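Numbering (our numbering), first residue to last: 1 to 284.
Here is the structure:
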């Protein structure tokens with residue numbers, strides 16, 4: 001039996017101030033991230049007059065698919081999309097292969113000059129890609145590889161960032177697994193293929209998404225190494241609709257919307273490994 005002197009527990013209905021501030025900041029971040037995306041997609045369905053008349057509007061006043069039609073008719077659309085997939089896809093696979101092999105050597109093999117080699121790899125991260133563009137262009141010209149698939153892919157087939165990232169992940173894998181494999185007679189190649197790579201799926205998936213995203217969106221490299229529209233990737237081909245004085249914004253926004261779809265698909269397919277790889281890489 002209760003009495004009036006007993007205190008009843010208080011029910012807190014209001015959120016703590018820190019939680020309210022956190023939700024406000026989260027909402028602001030979501031708006032900042034989503035609004036440009038919505039404007040880009042809606043702008044691809046707008047006319048030039050509507051776009052210039054009300055550029056701040058998030059939704060078209062007059063719907064049209066003229067931008068998508070012009071991309072299909074004025075560009076060899078299927079060819080440039082195929083070029084983008086060949087360039088980004090094959091280069092990503094080669095990067096994963098060469099980066100993982102180099103990272104394995106730096107993380108697991110003992111040889112003289114290993115630390116120096118690692119620091120040289122890290123030092124290349126400080127060199128802007130624009131600095132090496134002209135020397136690489138001259139070498140590709142001498143090889144006759146300009147305006148070819150091998151000229152696009154081979155110079156980009158490895159990445160210092162990928163080597164660093166995979167090396168840090170490989171260091172977190174216990175070396176006892178290597179020793180157990182050596183007892184069974186496995187060499188470095190078998191340990192790399194059967195032990196290290198299966199355990200490094202999160203890091204490999206993360207690196208694959210990052211490489212594919214950067215290569216798919218790359219504009220300067222395909223634009224400099226190709227001279228015909230039939231060999232250009234989608235971002236480089238879209239430069240035909242932009243000039244010094246006139247830009248066809250509807251077509252450019254339609255192309256940007258189309259180019260976003262493979263990146264979104266790649267992220268959703270690898271998101272389970274992506275977050276895990278980012279969280280685990282370098283923790284040791």
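Glycine included, each C-beta is placed from N, C-alpha and C at the ideal position. Note that the structure is a prediction, hence the values are computed from the model and not measured.
Residue i in three-state terms, based on DSSP
| i | result |
| --- | --- |
| residue 168 | helix |
| residue 226 | coil |
| residue 216 | helix |
| residue 34 | helix |
| residue 244 | Low confidence applies to residue 244: its pLDDT is 48, below 50, so where it sits in the model is not reliable enough to give any reading. |
| residue 200 | coil |
| residue 174 | coil |
| residue 208 | helix |
| residue 186 | coil |
| residue 19 | helix |
| residue 124 | helix |
| residue 233 | coil |
Contacts around residue i, its chain only, beta-carbon distance under 6 Å, and the 5 residues preceding and following it disregarded
| i | result |
| --- | --- |
| residue 63 | 45 |
| residue 173 | 199 |
| residue 136 | 155 |
| residue 34 | none |
| residue 192 | 104 |
| residue 94 | 157 |
| residue 102 | 163 |
| residue 248 | 241 |
| residue 59 | 42 |
Nearest-angstrom Cα separation, counted from residue j out to residue i
| i | j | result |
| --- | --- | --- |
| residue 125 | residue 163 | 11 Å |
| residue 223 | residue 138 | 15 Å |
| residue 148 | residue 232 | 10 Å |
| residue 115 | residue 107 | 10 Å |
| residue 79 | residue 230 | 6 Å |
| residue 283 | residue 226 | Reliability fails at residue 283, whose pLDDT of 45 lies under 50, so the model's placement of it is uncertain and no value is given. |
| residue 250 | residue 28 | 28 Å |
| residue 194 | residue 43 | 49 Å |
| residue 258 | residue 73 | 15 Å |
| residue 165 | residue 127 | 18 Å |
| residue 254 | residue 41 | 7 Å |
| residue 185 | residue 178 | 11 Å |
| residue 236 | residue 220 | 8 Å |
| residue 169 | residue 86 | 28 Å |
| residue 117 | residue 153 | 24 Å |
| residue 69 | residue 143 | 38 Å |
| residue 176 | residue 167 | 17 Å |
| residue 204 | residue 145 | 29 Å |
| residue 20 | residue 26 | 10 Å |
| residue 47 | residue 71 | 14 Å |
| residue 22 | residue 31 | 14 Å |
| residue 75 | residue 67 | 12 Å |
| residue 301 | residue 197 | An answer regarding residue 301 cannot be provided, because it is not within the stretch 1 to 284 covered by the chain. |
| residue 52 | residue 210 | 35 Å |
| residue 228 | residue 260 | 23 Å |
| residue 57 | residue 17 | 34 Å |
| residue 38 | residue 218 | 22 Å |
| residue 36 | residue 252 | 14 Å |
| residue 129 | residue 90 | 20 Å |
| residue 111 | residue 119 | 15 Å |
| residue 77 | residue 50 | 26 Å |
| residue 182 | residue 171 | 18 Å |
Own chain partners of residue i with C-beta closer than 8 Å, once the 5 adjacent residues on each side are dropped
| i | result |
| --- | --- |
| residue 265 | none |
| residue 109 | 188 |
| residue 256 | 40, 44 and 238 |
| residue 140 | 146, 151, 155 and 225 |
| residue 160 | 121, 122, 124 and 125 |
| residue 98 | 157 and 158 |
Residues near residue i by beta carbon distance below 7 Å, same chain, minus five either side
| i | result |
| --- | --- |
| residue 81 | 234 |
| residue 88 | 212, 215 and 216 |
| residue 84 | 216, 233 and 234 |
| residue 54 | 61 |
| residue 263 | 213 and 216 |
| residue 133 | 224 |
Check: residue i C-beta below 7 Å from any heavy atom of the ligand SAH
| i | result |
| --- | --- |
| residue 163 | The model depicted lacks the ligand SAH and carries no ligand whatsoever. |
- Task: Identify every run of the alpha helix (DSSP H) within the stretch 126-170, keeping only runs that are complete inside it and at least 4 residues long; order them along the chain.
- Result: 133-143 and 149-153
- Message: Give the list of continuous alpha helix (DSSP H) stretches no shorter than 4 residues that lie fully inside the stretch 40-117.
- Response: 48-53, 66-74 and 77-108
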